[in-house]
Amino acid sequence: MGQYSSTHCGGGPKHRHRSLHPTPLPNHHRSASDHSQSDFFSLMNSDEDESPIPFVFGNRDYTDDLPDECLALIFQCLSSGDRKKCSLVSRRWLLVEGQSRHRLALNAKVEILPHVPTIFTRFDSVTKLALRCDRKSVSINDEALTLISLRCSKLIRLKLRGCRDVTEVGMSAFARNCKSLKKFSCGS
Numbered sequence: 001m002g003q004y005s006s007t008h009c010g011g012g013p014k015h016r017h018r019s020l021h022p023t024p025l026p027n028h029h030r031s032a033s034d035h036s037q038s039d040f041f042s043l044m045n046s047d048e049d050e051s052p053i054p055f056v057f058g059n060r061d062y063t064d065d066l067p068d069e070c071l072a073l074i075f076q077c078l079s080s081g082d083r084k085k086c087s088l089v090s091r092r093w094l095l096v097e098g099q100s101r102h103r104l105a106l107n108a109k110v111e112i113l114p115h116v117p118t119i120f121t122r123f124d125s126v127t128k129l130a131l132r133c134d135r136k137s138v139s140i141n142d143e144a145l146t147l148i149s150l151r152c153s154k155l156i157r158l159k160l161r162g163c164r165d166v167t168e169v170g171m172s173a174f175a176r177n178c179k180s181l182k183k184f185s186c187g188s
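Take the sequence shown: its position 132, counting from 1, is numbered 132 in the UniProt record's numbering, and each next residue is one higher.
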């Protein structure tokens, strides 16, 4: 279908991508799986349940040609909900989406404690963290806050709301472990 062209993304290394406007290849370069545009549109209009996309593009994932940095830039243009959906596409997209997320807001119930290592392994580039707990729930405690501080060394902003079980012990661990912290906000 389309020809390949090289491009630069953000000054990074060259990579190849499929042109948005399909240009038929000369016959001596076409394989048996290549079809004309009219073949494509006839497949689009067919009543078959199968999508024509695997037939036209094969099993190749052209997003593999994008550097992680470019994929991360694309994710940053999406809403939080769309980013969550994109993270389900593949393991690579999950990894890139997690590494490119700099803001995170979590429900700060005590039940989050066993999940803190997993959460902050996935979201290892968080610089702004908001932890909120409603008045009817038991909030995170010093142990959870200490664990978060060990996992979020790049944190610049921390906002705590309704975290009634956090004491000076948890806050002092945060001060020790998060040297980049510039803004702290706390409220009930």
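Cβ atoms here follow ideal geometry from the backbone N, Cα and C, with glycine treated the same way.
{"Item": "Using the Cα positions of VAL169 and ASP68, report the straight-line distance between them to the nearest angstrom.", "Value": "39 Å"}
{"Item": "Whole angstroms is fine: what's the gap from residue 199's alpha carbon to ALA130's?", "Value": "Only positions 1 to 188 of the chain appear in the structure, and residue 199 is not among them; the question remains open."}
{"Item": "Looking only at its own chain, which residues have a Cβ that is under 8 Å from the Cβ of LYS183, when we skip the five neighbours before and after it?", "Value": "ILE156, ARG157, LEU158"}
{"Item": "Given a cut-off of 8 Å, decide if GLU143 and LEU106 are closer than it, judged by their beta-carbon atoms.", "Value": "no"}
{"Item": "Is the CB-CB distance between ILE140 and VAL166 below 8 Å?", "Value": "yes"}
{"Item": "When the Cα atoms are used, what is the spatial distance from CYS152 to SER125?", "Value": "8 Å"}
{"Item": "So, helix, strand or coil for LYS179, using DSSP?", "Value": "coil"}
{"Item": "Using the C-alpha atoms, what's the distance from TRP93 back to GLY81?", "Value": "14 Å"}
{"Item": "Which same chain residues, not among the five before or five after residue 205, have their C-beta less than 7 Å away from its C-beta?", "Value": "The structure shown does not extend to residue 205, since the chain is modelled only from 1 through 188, so no value can be given for it."}
{"Item": "Short of 7 Å in beta carbon distance, which residues of its chain neighbour SER180, apart from the five on each side in sequence? Order them along the chain.", "Value": "LYS154, LEU155, ILE156"}
{"Item": "If we ignore side chains and look at the alpha-carbon of each, how far apart do ARG132 and ALA72 end up?", "Value": "27 Å"}
{"Item": "Going by C-alpha to C-alpha distance, which of CYS186, HIS115, THR146, ALA108 sits closest to CYS178?", "Value": "THR146"}
{"Item": "Return helix, strand or coil for CYS186, following the three-state DSSP convention.", "Value": "strand"}
{"Item": "For ASP134, which residues in the same chain have their Cβ closer than 7 Å to its Cβ, ignoring the five residues on either side in sequence?", "Value": "GLY162"}
{"Item": "Determine the contact status of VAL138 and VAL110, defining contact as a CB-CB distance below 8 Å.", "Value": "yes"}
{"Item": "Enumerated in chain order, which unbroken segments of the alpha helix (DSSP H) with a length of 4 residues or greater are wholly contained in the segment 62-96?", "Value": "68-76, 80-86"}
{"Item": "Do you know how far the Cα of SER188 is from the Cα of LEU174?", "Value": "Strictly speaking, residue 174 in this sequence is Phe, with Leu absent from that position. Going by the C-alpha atoms only, they are around 19 Å apart."}
{"Item": "What do you get for LEU66, buried or exposed, if any count of 16 or more other CB atoms within 10 angstroms of its CB means buried?", "Value": "buried"}
{"Item": "Give the single residue among LEU150, SER172, ASP64, MET171 whose Cα lies nearest to the Cα of ILE119.", "Value": "LEU150"}
{"Item": "Would DSSP call ASP124 helix, strand or coil?", "Value": "coil"}
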